[in-house]
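Taking it in order: structure first as C-alpha cells, then the write-up.
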Amino acid sequence: MTIRRSQDGAAGFTLLELMVALAILGLVSLMLFGGLRFGLNAWTRESAHANAVSDIGVAQGFLRRAIGEAYPLFQVDGEDKRVNPFVGSRRALEFLAPTPASLGSGGRQRYSIGTETAGARTDLVIWSQPELAADPAKRWKTILVPGIRTLSIDYFGRQGDEEEAHWHDAWQDASHLPELVRLQVAFAADDFRTWPEFVVAPRIAVDANCVYDPLTHGCKGR
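Letter by letter, the sequence shown follows residues 6 to 227 in my numbering.
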C-alpha cells in the first residue's frame with residue numbers, strides 16, 4: 006500500500022485504498038452477521054425442540070396419573086345391567102378419576118381422551134367434567150399435544166369368558182378395568198418429535214365407596 010503525503014507533510018491514503026478497506030470491512034461484517042444469525046437460528050430450533058420434548062413429558066405424566074387412578078365405579082342401570090364408566094375404543098377413552106389436587110377441589114372428574122381436528126391440524130385432547138355436573142358448560146378441554154398425526158389406544162386384559170389376557174383395540178367390559186392401557190401417538194414424517202413408549206396400569210381395582218346391599222347383590226343406592 007502506498008502512503009501519500011500531502012503538501013503539509015501529513016500521511017494519507019488514496020481514494021481507491023479507502024474503498025478497498027471499506028469493502029473488506031463490509032465483507033467481514035457480513036460474515037460476522039451471518040455467523041450470528043446462524044447461531045440464533047440454531048438456538049431457536051434447539052429451544053423449540055426442548056420445549057416440545059418437555060410438553061410431551063408433561064402430557065404423559067398427566068395421562069399416567071389420571072389413567073393410573075381410574076376409578077372402577079360400577080353401577081346398575083334401569084335394566085339391572087352393570088355399567089362401568091371406563092369405556093375405551095381405538096381412538097378414544099372415557100373414565101372416572103379423582104380430581105387433581107391442583108384444582109383445589111375434591112371429588113372425581115369424568116375424563117375423555119381423544120383427538121380434535123381443526124383444518125389441517127389434529128390435536129391430542131382431553132376433556133374433563135366434574136362427576137356430578139350435568140351442565141355441558143362445565144366441560145373443559147385441554148390440548149395435551151398439538152399437531153399429531155394419529156392416536157391409537159390398546160387395552161390388555163381378559164374380557165368376558167376369555168381365559169388368558171391379551172391386547173384388545175376396545176374395552177367395554179363392565180366387570181373390571183383392563184390390566185394395562187397403551188397409548189401410541191404418531192407424528193408427521195417431517196416432525197422431529199417422538200412419543201416415548203407409554204403403558205400404564207390402572208391401580209384401583211375395588212370400588213371403595215361400595216356398601217354391599219344383600220337384597221340387590223350390589224352397592225346400596227346404585
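Backbone N, C-alpha and C define an ideal beta-carbon position, used for all residues, glycine too.
Because the structure is a prediction, the values reported are computed rather than measured.
With fewer than 16 other Cβ atoms inside 10 Å of its own Cβ, S180 counts as exposed.
Per the coordinates, the alpha-carbon of S34 lies some 49 Å from the alpha-carbon of F67.
Linking T147 to V190 through their CA atoms gives a straight-line distance of about 17 Å. Ranking W200, G162, V186 by CA distance to the CA of F192 puts W200 first.
About 7 Å separates the Cβ atoms of I61 and R198, confirming a contact at the 8 Å cut-off. The criterion of a C-beta distance shorter than 8 Å is satisfied by R95 and A175. In this structure, E184 sits near F161, with a CB-CB distance shorter than 8 Å.
Under DSSP, S133 shares a beta bridge with Y116, W145. Nearest C-alpha to N89 among A206, W132, A194, L182: L182. Distance between V130 and R187, taken at the CA atoms: about 16 Å. The beta carbon of R113 lies closer than 7 Å to those of Y76, L101, A102, P103, T104, E136 in the same chain, with the five residues before and after it left out. Around the beta carbon of S133, a 10 Å sphere encloses 16 or more other beta carbons of the protein chains shown; the residue is thus reported as buried.
If you draw a straight line from the Cα of R70 to the Cα of G31, it comes to about 58 Å. As DSSP reads the structure, R126 sits in a beta bridge with A123.
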